[in-house]
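Here the working numbering is used: position 523 in the sequence shown is 558, and no number is missing along the way.
Here a beta-carbon is modelled for each residue, glycine too, at the ideal position from N, C-alpha and C.
The model shown is predicted, which means the values in this text are computed figures rather than measured ones.
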Amino acid sequence: MLTSKEIRQQFIDFFVSKQHTVVESDTVIPRNDPTLLFTNAGMNQFKNIFLGEIEPKELRVVDSQKCIRAGGKHNDLDEVGRDGYHHTFFEMLGNWSFGDYYKKEAIMWAWELITDVWKLPKEKLYATVHESDQEAFDLWKEHTDIDPTHILFDGDKDNFWEMGETGPCGPCSEIHYDRGTDYCGVEGEHDCRVNGDCHRYIELWNLVFMQYFRNKDRSLTPLKMKHVDTGAGFERLCQVLQGHNSNYDTDLFVPILKKISELTGVEYSRDEQGVPHRVIADHIRALSFSIADGGIPSNEGRGYVIRRILRRAARMGRLLNMKKPFLYKIVPTLIEIMGHHFTELKEQQEYVEMIIKGEEERFNLTLDKGLVKFDEMIEKTERTTLSGDNAFMLYDTYGFPLDLTIIIAEEKGYIVDTDGFEKKMQEQKERARSASSFKVELDNKEWTVLGEDVPTEFLGYENTTVEVSIIKYRLNHDNSVMFILDKTPFYAESGGQVADTGIVSNDDFEIEVSEVKKSGEQFIHIGKLKSGMINDKKVTASIDTFRRRRIASNHTATHLLHAALKKVLGDHVQQKGSLVTADYLRFDFTHFNGMKPAEIAEVEKLVRAEITNASLVETKLMTPDEAKEDGATALFGEKYGDVVRVVSLSNFSKELCGGTHVSNSAEIGMIKILSESSSSAGIRRIEAITGEAVYNYYEKKESLLNDVASLLKAKHEKIADKVQQLIDLNKEIEKELKTIKSQAAGSEIDNLISSAVEINTVKVAAGKVAIDNSNELRNAGDTLRQKLGSGIGILIAEIKGKVSLLTVVTDDLKKQYPAGKIVGQLAEFVDGRGGGRPDMAMAGGKSIDKIPTALENVENIIKSF
């Protein structure tokens, strides 16, 4: 039996023998396509070729593309685990022709590979072609030995592929395999057919023939160049070639399922009982690949989808009695299966495990609380529908994805008001939508055109002042202006570095530039027309050189920090974001825990040493392969062009970077790390300053130190001793004050007990107490409960301008008079809410003036029980 490794390699080797070039899989986190949450098809990385925007480097290529479908239009998440073929992560094997061979070769080679190499029975294979594609039908009939009765015409739904509403498209030919009537799965009389509604026939391969362009009016225009785009579902191929009836029975999943059984102690079952195992096995693949490719669990966009996948898997673990993090322990098994081909899994193993474990731990902290809250919501719900407000609270407060809430609700016989949830979600998004990403439509109707529309040439590496021309501009009524130059010294905001500012002028007008953004190959300069009227004469573009030097200093320091962090913390450190401004720098990087003071000091020391060494900052243009061979560090997940810029500082740092830098590290002057903190799960953040900002920082520190010394009437070297004396004295005073308060509280408790009343033959001591924090209120409650012997105690206090209520009930009465319910009813009288254990519970309220009303209703509340 062929292994999955052999099947993948045989596919690649076969097309290499047909003069195809092997290309690596694109990342599952799209690098430069904001329209996609995840790479969801093999064609994604070739999209610009199909659109005619770039020329292909090779005319024939073959690959195995990593894909995820778990959000947006293409979403298989809810079906995962319920059958044997839906997945969030999957591989798509593909061979591609960019204007080279076409239908004949694609059909012949697909048939040759499937029947001659993989030896699938010809009598079990079917080919479908589009109802308009007689050419493909004839090619199948004339150039393969398929049974002619097994060539079938079908319509647009199954045999016409489109990139989108508009764009390249064309008919396709699918290859299906007949698994036999035992696989039908439909009860009663039923007509099994290819592209039918049963599981007898399984699609193995789709050969797409891109020959048209779909216009806005839905008409089709023939393309000048015709392409072939094929996709063979790897998991399904493995299922058929290995003789199984489910993808989960292949060697891609069996070791993972065994590991899950080993960790949970629950054996895997192929029926409904095995759904949790299958969901976890699927999800660990999507999680590992997305994180290895630069994805991070978060609360928005693809990060939310990753978090959602992880929490679904963790929830399935709970169904298998797993209450501690365990998903990260499955990663090594996945790497054993797939790490040989997708080496990024091996390279990122430690990081992937750390992110998954950290996210599991955080979710476990809120899951139990959320489940308790869910039960409370259900208890108060008279209908069998959980409201959208409640579902949103579980999402917003406890991190429950909506689908998780739906699953838990279904287990208890409830449905969820999803429309209400979406309404609340939309309201939150509207509140949060304070800014949007920069986008400008270069519409000639809105712009005044002065010159030829050409890409902007950036001259700012060598020049700070350049004579240039304005191509077009747009002037608003408030004199704000946007304009494009044919050449510019202004750096446009990118790679974490802020844009340059400065002046663009000639004898007739002056514009103050405050921002520069990229739009395709052009730079959009944004600013204010300070004087005159814009014309088509040449202009002088000058950047603020003092500001540029400070930005460059911070950017070069960022490279030094990155290298120093790797040396101190380890090679797992990777840049995960940065901000380089004139005033400070911010650097996000992967690391397990918060840095120790000694580690921060060591990083600072290494960077300072490199600054003192006065290392030359060298820049070279290389191909990406040359840069990699030269040891340059690339930003993980970034996609680079044919030529890259490599910035080096002696043997200390070497990175691919398009930013501006100092010419010598000594120009940085000094560096000071101001803070080190958590940015998100597994991501740490450093903020630092350089140069003059460091001197200003220490001047402020010196001034503050002088002020403190003056207040303490002590020399600088004696300040610590003086402060310690004050701390010790304060502790003594606090101790004495605590004793006084305790005695006073004890006296108040005694007074309450002496004035206790009997309600329903139960002793009830209730009253307002002079207590100013929650801990003291709890302590007073413990004392009251002990002294009561048998009874109910109610304490009300005014703490920080709000009402705090505490109810205690002795053990002999807590079943009949649960403290949580008593305090909950009592809180309503002061416009609050709360609850807790049967023996002790707390609540809060807003209305201090209603405390007397609450005390007056104690008797009625107790009698209601």
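Using CA atoms only, rank isn't needed, just tell me which of the options is closest to residue i.
i, options, result
"Ser281", "Val243, Ile237 and Lys261", "Ile237"
"Leu600", "Ile561, Ile721, Ile291 and Phe518", "Ile721"
"Asn4", "Thr216, Met245 and Glu177", "Since the first residue shown for the chain is 36 and the last is 900, residue 4 is missing from the structure and cannot be characterised."
"Glu297", "Tyr732, Ile896, Asp328 and Lys364", "Lys364"
"Phe627", "Val608, Tyr730, Ile635 and Leu641", "Val608"
"Glu379", "Glu396, His262 and Asp328", "Asp328"
"Thr500", "Met357, Glu445, Val574 and Ile84", "Val574"
"Arg104", "Ile84, Gly77 and Lys92", "Gly77"
"Arg872", "Glu863, Asn895 and Thr842", "Thr842"
"Pro853", "Ala348, Lys898, Val838 and Phe864", "Lys898"
"Thr625", "Lys565, Ala649 and His597", "His597"
"Ile883", "Glu833, Ser685, Asp847 and His178", "Glu833"
"Gly836", "Ser809, Ile827, Val858 and Thr818", "Ser809"
For the alpha helix (DSSP H) containing residue i, list its first residue and its last residue.
i, result
"Val516", "Where Val516 is concerned, there is no enclosing alpha helix (DSSP H), although the beta strand (DSSP E) it sits in stretches over Ser515 to Leu520."
"Gly155", "In the sequence as displayed, the identity of residue 155 is Leu instead of Gly. That residue, Leu155, is in no alpha helix (DSSP H); it is neither H nor E in DSSP."
"Leu830", "That residue, Leu830, is in no alpha helix (DSSP H); its beta strand (DSSP E) goes Ile827 to Ile834."
"Lys898", "Val893 to Lys898"
"Lys750", "Note, Lys750: premise wrong, no alpha helix (DSSP H); not H, not E."
"Met373", "Val366 to Met373"
"Glu90", "Premise fails: Glu90 is in no alpha helix (DSSP H) and is neither H nor E."
Apart from the five residues just before and just after residue i, which ones in its own chain have a Cβ nearer than 7 Å to its Cβ?
i, result
"Thr38", "Asp286"
"Ser715", "Ile331 and Ser333"
"Thr419", "Gly448, Tyr449 and Ile450"
"Ile703", "Ser588, Thr591, Ala592, Ile646, Val697, Thr725 and Gly726"
"Leu740", "His751"
For residue i, which three-state DSSP category applies?
i, result
"Arg305", "coil"
"Gln384", "helix"
"Met245", "strand"
"Gly330", "coil"
"Thr419", "coil"
"Arg509", "strand"
"Tyr496", "coil"
"His607", "coil"
"Cys219", "coil"
"Arg346", "helix"
"Ser39", "helix"
"Leu651", "strand"
"Ile883", "helix"
"Val642", "helix"
"Ile291", "helix"
"Glu476", "For Glu476, the predicted model reports a pLDDT of 49, less than 50, meaning its position is unreliable and no value from the coordinates is stated."
By Cβ distance, which residues of its chain are closer than 8 Å to residue i, with the 5 residues on each side in sequence left out?
i, result
"Lys552", "Phe473, Val475, Ala527, Glu528, Ala534, Phe558, Ile559 and Ile561"
"Ala779", "Ala805"
"Val681", "Thr654, Lys655, Leu656, Met657, Ala662, Asp665, Ala667, Lys689, Glu690, Leu691 and Cys692"
Who are the near neighbours of residue i in its chain, counting only those whose CB is closer than 6 Å to its CB and skipping five residues on each side?
i, result
"Met412", "Asn425"
"Gly537", "Val548, Ser577, Ile578 and Asp579"
"Val221", "Cys233"
"Glu556", "Pro490"
"Ile89", "Asn83"
Hey, quick one: how far does the beta strand (DSSP E) through residue i stretch, first residue to last?
i, result
"Ala267", "Leu255 to Gly268"
"Ser554", "Phe544 to Ser554"
"Phe361", "Phe361 -> no beta strand (DSSP E), and no H or E assigned at all."
"Gly199", "Neither: Gly199 is in no beta strand (DSSP E) and is coded neither H nor E."
"His165", "Leu160 to His165"
| query | Counting Cβ pairs, one atom from each stretch, are 3 or more of them under 8 Å apart for the region 380-395 and the region 325-338? | reply | yes
| So, do the region 228-244 and the region 182-202 have three or more beta carbon pairs nearer to each other than 8 Å? | yes
| said: Measuring CB atoms only, is the region 40-60 touching the region 268-280, in the sense that at least three cross pairs come out at less than 8 Å? | reply: At 8 Å Cβ cutoff, the stretches touch.
| For the 8 Å Cβ check, are there 3 or more pairs between the region 501-508 and the region 557-577? | yes
| task | Examine the Cβ distances between the region 879-897 and the region 797-804 and report whether three or more of them are shorter than 8 Å. | result | Yes, the region 879-897 touches the region 797-804.
| request: Assess, as a yes-or-no matter, whether the region 137-149 is touched by the region 369-379 under the definition of 3 or more beta carbon pairs within less than 8 Å. | output: no
| Given 8 Å as the limit, is there contact between the region 650-661 and the region 615-622, that is, 3 or more CB pairs closer than that? | no
| request: For the region 483-495 and the region 455-463, state whether three or more C-beta atom pairs, one from each stretch, are separated by less than 8 Å. | output: no
| Do the region 583-593 and the region 688-700 make contact, defined as three or more Cβ pairs closer than 8 Å? | yes
| said: Does the contact criterion of 3 or more C-beta pairs under 8 Å hold for the region 163-174 versus the region 298-306? | reply: no
| said: Would you call the region 778-794 in contact with the region 808-823, where contact means no fewer than 3 C-beta pairs closer than 8 Å? | reply: Using a C-beta cut-off of 8 Å, the region 778-794 makes contact with the region 808-823, since at least three inter-stretch Cβ pairs fall below that distance.
| field | Three or more C-beta pairs below 8 Å linking the region 305-316 and the region 398-417 | value | no
| request: May I ask you to verify whether the region 344-352 touches the region 423-438, counting CB pairs closer than 8 Å and requiring at least 3? | output: yes
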